[in-house]
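Report on one structure; see the data block that follows.
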Amino acid sequence: MFEIKYRIIIDESYWKTMNLEQIEKEGGIESFFQLNLHSVEYGYYHDRELAEGEEGFDIISTWLSNLLEVCLLIDDMKYVAIKDTESYNTWLEFISADNDLLVSVIQSDSFISEYVITKPLSNRVYPEWRDIKVKREEFIEEVINNTKKFISDLAQINPFIILSQRIVQLESMLDKVSQ
Numbered sequence: 104m105f106e107i108k109y110r111i112i113i114d115e116s117y118w119k120t121m122n123l124e125q126i127e128k129e130g131g132i133e134s135f136f137q138l139n140l141h142s143v144e145y146g147y148y149h150d151r152e153l154a155e156g157e158e159g160f161d162i163i164s165t166w167l168s169n170l171l172e173v174c175l176l177i178d179d180m181k182y183v184a185i186k187d188t189e190s191y192n193t194w195l196e197f198i199s200a201d202n203d204l205l206v207s208v209i210q211s212d213s214f215i216s217e218y219v220i221t222k223p224l225s226n227r228v229y230p231e232w233r234d235i236k237v238k239r240e241e242f243i244e245e246v247i248n249n250t251k252k253f254i255s256d257l258a259q260i261n262p263f264i265i266l267s268q269r270i271v272q273l274e275s276m277l278d279k280v281s282q
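Numbering (our numbering), first residue to last: 104 to 282.
Here you go:
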């Protein structure tokens with residue numbers, strides 16, 4: 104099983120009134136974002152009422168963009184790792200294994216500025232869980248469906264959001280994966 108959960112955490116009344124230029128300056132939509140792989144979870148998500156001052160901290164479009172990169176690269180490269188955007192040294196590693204992906208959390212002290220890499224880090228360690236098997240087709244389908252849902256959710260908040268450069272790029276990647 105592979106499941107993506109996200110929750111947009113923004114002041115909708117503020118975002119509804121913004122024009123495209125303001126949206127571009129504001130940047131990404133903050134959220135809770137979690138990946139569920141069978142019995143393990145990665146990230147933070149809940150659907151309870153928000154506590155006072157509770158805010159989202161993950162940028163959903165960055166996570167989805169990186170996961171779409173995995174979908175695009177994994178067949179040819181056989182190895183893809185994406186950086187946890189909230190950490191300087193934590194990555195999610197995806198290794199192709201027939202019709203499955205083996206997913207692991209890795210850490211490395213190597214300084215890498217990219218968010219997506221296709222060669223294993225030389226000094227990586229596995230601090231949490233390792234080699235969780237996920238069906239490749241299920242993974243790709245979940246990434247595609249949640250990217251579409253996210254874009255639709257944004258359009259309902261403010262149609263200008265989906266015209267922003269960040270979301271136009273996300274839609275372009277989505278089109279490549281969906282082909």
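Ideal placement from N, C-alpha and C gives every residue a C-beta, glycine not left out.
Practice problem: Answer yes if the region 197 to 206 comes into contact with the region 168 to 187, meaning at least three C-beta pairs across the two stretches below 8 Å, and no otherwise. | Solution: yes
Quiz item: Going by DSSP, what residues sit across from residue 146 in a beta bridge?
Solution: 137, per the DSSP bridge assignment.
Quiz item: Which residues mark the beginning and the end of the alpha helix (DSSP H) in which residue 228 is found?
Solution: It is not in any alpha helix (DSSP H) - residue 228 carries neither H nor E in the DSSP assignment.
Quiz item: Tell me, which residues are paired with residue 108 by DSSP?
Solution: 137
Exercise. If I'm right that residue 161 touches residue 133 with Cβ under 8 Å, what's the distance once you round it to whole angstroms?
Key: 7 Å
Self-check item: contact_flag[the region 230 to 239, the region 136 to 151] where n(CB pairs < 8 Å) is 3 or more
Solution: yes
Self-check item: Boundaries of the beta strand (DSSP E) in which residue 117 is found, first to last residue
Solution: Taken as a continuous stretch (DSSP letters only), residue 117 belongs to no beta strand (DSSP E), being part of the alpha helix (DSSP H) at 115 to 119.
Quiz item: What residue does the alpha helix (DSSP H) around residue 128 start on, and which one ends it?
Solution: 123 to 129
Self-check item: Helix, strand or coil at residue 282 according to DSSP, with G and I counted as helix
Solution: coil
Practice problem: Indicate the three-state DSSP secondary structure (helix, strand or coil) for residue 250 in the structure shown. | Solution: helix
Exercise. Could you pull out every residue in the same chain whose Cβ sits closer than 8 Å to the Cβ of residue 131, ignoring the five residues on either side in sequence?
Key: Answer for residue 131: 162, 163, 164, 165 and 269, listed in chain order.
Quiz item: Is the CB of residue 211 under 9 Å away from at least one CB in chain B?
Solution: Absent from the structure: chain B. Only one protein chain is present.
Quiz item: residue 239 and residue 204: beta carbons closer than 9 Å?
Solution: yes
Quiz item: If you draw a straight line from the alpha carbon of residue 246 to that of residue 170, how long is it in whole angstroms?
Solution: Residue 246 and residue 170 have their alpha carbons spaced roughly 7 Å apart.
Practice problem: Compute the Euclidean distance between the alpha carbons of residue 271 and residue 151, then round it to the nearest angstrom. | Solution: 31 Å
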